[in-house]
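Going from the sequence shown to our numbering is simple: count from 1 and add 4. Quick reminder that beta carbons are idealized off the backbone N, C-alpha and C, glycines included.
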Amino acid sequence: MYFMNNISKLISLLGGTGTVAEKLNIRPSAISNWKKLNKIPSTKLEAILELSSYLNVNIENFLPSKKLNNLKFKILLIICGGIASYKSLEIIRLIKKTDIELDVVMTKSAQKFITPLLVTSLNEKKCYIDLFSVEDETKMNHIKLARSPDLILVAPATANIMAKFANGLADDLASTILLASFSKIIFAPSMNPVMWNNLATQENYKTLLNRGIKFIEPDTGDMACGENGTGRFPEPKAIYEFILSYIKDNQILSNQFKDISIVITAGPTVEAIDPVRFVSNNSSGKQGFEIASELTKRGAKVTLISGPVSIPFPNCENIIQVKTAQEMLCSVSQQLPADILICSAAVADWKLIPKTKSNNKIKTNTKIKKTNEKLLFETQKNPDILETISKSNLRPKIVIGFSAETDNLKKNAYSKLISKNVDLIVANDVSKGKVFGADYNKVCIIEKNNFEQWETQSKKSVAFNLVNKINDLLANYNQRGIYAK
Numbered sequence: 005m006y007f008m009n010n011i012s013k014l015i016s017l018l019g020g021t022g023t024v025a026e027k028l029n030i031r032p033s034a035i036s037n038w039k040k041l042n043k044i045p046s047t048k049l050e051a052i053l054e055l056s057s058y059l060n061v062n063i064e065n066f067l068p069s070k071k072l073n074n075l076k077f078k079i080l081l082i083i084c085g086g087i088a089s090y091k092s093l094e095i096i097r098l099i100k101k102t103d104i105e106l107d108v109v110m111t112k113s114a115q116k117f118i119t120p121l122l123v124t125s126l127n128e129k130k131c132y133i134d135l136f137s138v139e140d141e142t143k144m145n146h147i148k149l150a151r152s153p154d155l156i157l158v159a160p161a162t163a164n165i166m167a168k169f170a171n172g173l174a175d176d177l178a179s180t181i182l183l184a185s186f187s188k189i190i191f192a193p194s195m196n197p198v199m200w201n202n203l204a205t206q207e208n209y210k211t212l213l214n215r216g217i218k219f220i221e222p223d224t225g226d227m228a229c230g231e232n233g234t235g236r237f238p239e240p241k242a243i244y245e246f247i248l249s250y251i252k253d254n255q256i257l258s259n260q261f262k263d264i265s266i267v268i269t270a271g272p273t274v275e276a277i278d279p280v281r282f283v284s285n286n287s288s289g290k291q292g293f294e295i296a297s298e299l300t301k302r303g304a305k306v307t308l309i310s311g312p313v314s315i316p317f318p319n320c321e322n323i324i325q326v327k328t329a330q331e332m333l334c335s336v337s338q339q340l341p342a343d344i345l346i347c348s349a350a351v352a353d354w355k356l357i358p359k360t361k362s363n364n365k366i367k368t369n370t371k372i373k374k375t376n377e378k379l380l381f382e383t384q385k386n387p388d389i390l391e392t393i394s395k396s397n398l399r400p401k402i403v404i405g406f407s408a409e410t411d412n413l414k415k416n417a418y419s420k421l422i423s424k425n426v427d428l429i430v431a432n433d434v435s436k437g438k439v440f441g442a443d444y445n446k447v448c449i450i451e452k453n454n455f456e457q458w459e460t461q462s463k464k465s466v467a468f469n470l471v472n473k474i475n476d477l478l479a480n481y482n483q484r485g486i487y488a489k
């Protein structure tokens, strides 16, 4: 069967049920069934097209939305409670015409307006409603629902769900998924105009915007409650078109860095003192991994060189695991020439060489035993990977460094930018709050003639925005043929 838009209207334009049945030599009841199901058998599609052409009826508006070039795209739709909840059914119907994979979650309030059975029937898949479902949670389903989609659409989004998400509350399936997800999240608000304009709602709105959440702004007009103002649920078709536009933009982005080779360092390096002891820097590798993942999604040929980490590796073209700073430098050098180098690794600045008080070296091929004699350490400087490569003959077109600071962030990071001859520094203040191992980051972007301070956002969002910045640098380089400073 072949889905079409508004088959009843099409049949009417073609002369009505009886006329079409006669022209196609089939029973009128079959035509009635097509109208009921809004489907036409594939075997009859060509005949319908011929008849439309003969009668000069424009069939384009009745054809289903085009497939998305076989792009595998997953959307999770979260339906919240409100008078506009029923309109989410139209969103489901429109999405079902594409090859987008769709899952649906409903809040308890939404179930007061529409039933999970109705959603299940329309989406032809289970509708998820309960955080404490024994059947679902044996498979940790709320985590799967949070991590598997490319996009989470909250429509309608109530003042309640906005407040929960902005303030980190997770007391049901929908809010738990939102807090546990790294996916792109889009809210389509619907509420009374006074609620939308309330200071609390507007502060939550701004908070979510600053965290990288997108909004499909509410419409202005008459409300179901009888009042007039801003707060109307956007039309389902407008939401659908917004989502398609977002996906198409992602399709374009998927080739943005095609044939561009990028080397990324991430995680810490480890310098052994003896077989059981070492010195290292604090780093989870999360930010570097997110950058590698984002660039891979945009078509880049990414080589990720990582020190020891405990998180899953992203799906990029080449992964090299190292331990020491020297190993990392050698691996980076072996990957050159490359177009871009991003040094996000927390490289240990020194090795520690143990000595006795009398300045005698200690054997380090076996575990150093504890004695009453005082143990001293001599520092041996590790190679500076960022500066070495940036000042070499094989310097990539664009070199980006990271700078973790505890004071004078702007001054120290700018000094690093100049002294090490790099194009851009991503700096953050690690003296306040949890940064290492966290999923959120607050960074400053420092260039020779530009300083930007970004709001706190997920490391995934930082990666997305940084890659946009890198694309601008690359375009500038290609245009001018010089280092984009």
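To the nearest angstrom, how far is it from the Cα of residue i to the Cα of residue j?
{"i": "A522", "j": "K91", "result": "Residue 522 lies beyond the stretch modelled for the chain, which goes from 5 to 489, so this question has no answer here."}
{"i": "G85", "j": "Y250", "result": "25 Å"}
{"i": "T460", "j": "V447", "result": "8 Å"}
{"i": "W200", "j": "L213", "result": "15 Å"}
{"i": "G311", "j": "P272", "result": "5 Å"}
{"i": "S410", "j": "F455", "result": "Sequence inspection shows Thr at residue 410; the Ser mentioned does not correspond to that position. Answer to the nearest angstrom: the Cα atoms are 18 Å apart."}
{"i": "I309", "j": "A479", "result": "25 Å"}
{"i": "L17", "j": "K43", "result": "16 Å"}
{"i": "T375", "j": "V280", "result": "17 Å"}
{"i": "A192", "j": "K424", "result": "46 Å"}
{"i": "A114", "j": "C131", "result": "12 Å"}
{"i": "N469", "j": "S337", "result": "27 Å"}
{"i": "Y244", "j": "K252", "result": "12 Å"}
{"i": "V430", "j": "I449", "result": "5 Å"}
{"i": "N10", "j": "K39", "result": "8 Å"}
Going by alpha carbons, who is nearest to residue i out of the options?
{"i": "N37", "options": "I15, G19 and L55", "result": "I15"}
{"i": "I344", "options": "V466, S113, Y132 and V267", "result": "V267"}
{"i": "I217", "options": "T180, F237, I181 and F169", "result": "F169"}
{"i": "I247", "options": "E382, D388, I95 and K436", "result": "I95"}
{"i": "T383", "options": "T392, I393, I357 and K401", "result": "I357"}
{"i": "Y481", "options": "L421, K463, L413 and P400", "result": "P400"}
{"i": "T392", "options": "A329, F381, N445 and A408", "result": "A329"}
{"i": "D278", "options": "S462, K359, N127 and I404", "result": "K359"}
{"i": "K129", "options": "S152, E105 and F117", "result": "E105"}
{"i": "Y444", "options": "K48, G292 and D223", "result": "G292"}
{"i": "H146", "options": "I181, N171 and L122", "result": "I181"}
{"i": "L543", "options": "P32, V109, S57 and V306", "result": "Shown here, the chain extends from 5 to 489; a query on residue 543 therefore has no answer."}
{"i": "N254", "options": "S335, T370, L379 and K76", "result": "K76"}
{"i": "L173", "options": "L55, S152 and N208", "result": "N208"}
{"i": "K210", "options": "T234, A167 and D175", "result": "A167"}
Quick one: is the Cβ of residue i within less than 7 Å of any heavy atom of the ligand GDP?
{"i": "N445", "result": "Of ligands this structure carries none, so the ligand GDP is not represented either."}
Determine the DSSP secondary structure at residue i, reduced to helix, strand or coil.
{"i": "D223", "result": "strand"}
{"i": "L106", "result": "strand"}
{"i": "P45", "result": "coil"}
{"i": "T21", "result": "helix"}
{"i": "V123", "result": "helix"}
{"i": "P358", "result": "strand"}
{"i": "D175", "result": "coil"}
{"i": "F136", "result": "coil"}
{"i": "V158", "result": "strand"}
{"i": "D278", "result": "strand"}
{"i": "K13", "result": "helix"}
{"i": "P32", "result": "helix"}
{"i": "T383", "result": "strand"}
{"i": "L398", "result": "coil"}
{"i": "V198", "result": "helix"}
{"i": "N208", "result": "helix"}
Residue ranges of each alpha helix (DSSP H) run of no fewer than 4 residues wholly in the region 303–354, ordered along the chain?
DSSP assignment within the region 303–354 yields the following whole alpha helix (DSSP H) runs of 4 residues or more, N-terminal first: 329–338.
Runs of alpha helix (DSSP H) lying entirely within the region 403–436, each at least 4 residues, in chain order:
Within the region 403–436, the alpha helix (DSSP H) runs of at least 4 residues that lie entirely inside it are, in chain order, 413–423.
Using a Cβ distance threshold of 8 Å, determine whether the region 74–83 contacts the region 155–172, with at least three qualifying pairs required.
Verdict: yes, contact present.
The region 344–357 touching the region 282–290, judged by at least three CB pairs closer than 8 Å:
With the cut-off at 8 Å, the region 344–357 and the region 282–290 touch.
What ranges does the alpha helix (DSSP H) occupy inside the region 234–275, keeping only unbroken runs of at least 4 residues that lie completely in it?
Within the region 234–275, the complete alpha helix (DSSP H) segments at least 4 residues long are 240–257, listed from N- to C-terminus.
Assess, as a yes-or-no matter, whether the region 225–240 is touched by the region 177–187 under the definition of 3 or more beta carbon pairs within less than 8 Å.
Using a Cβ-Cβ distance cut-off of 8 Å, the region 177–187 and the region 225–240 are not in contact, since fewer than three pairs of beta carbons, one from each stretch, lie closer than that value.
I want to know whether the region 252–263 touches the region 296–305 - three or more CB-CB distances under 8 Å.
The region 252–263 makes contact with the region 296–305: 3 or more CB pairs, one atom from each, lie closer than 8 Å.
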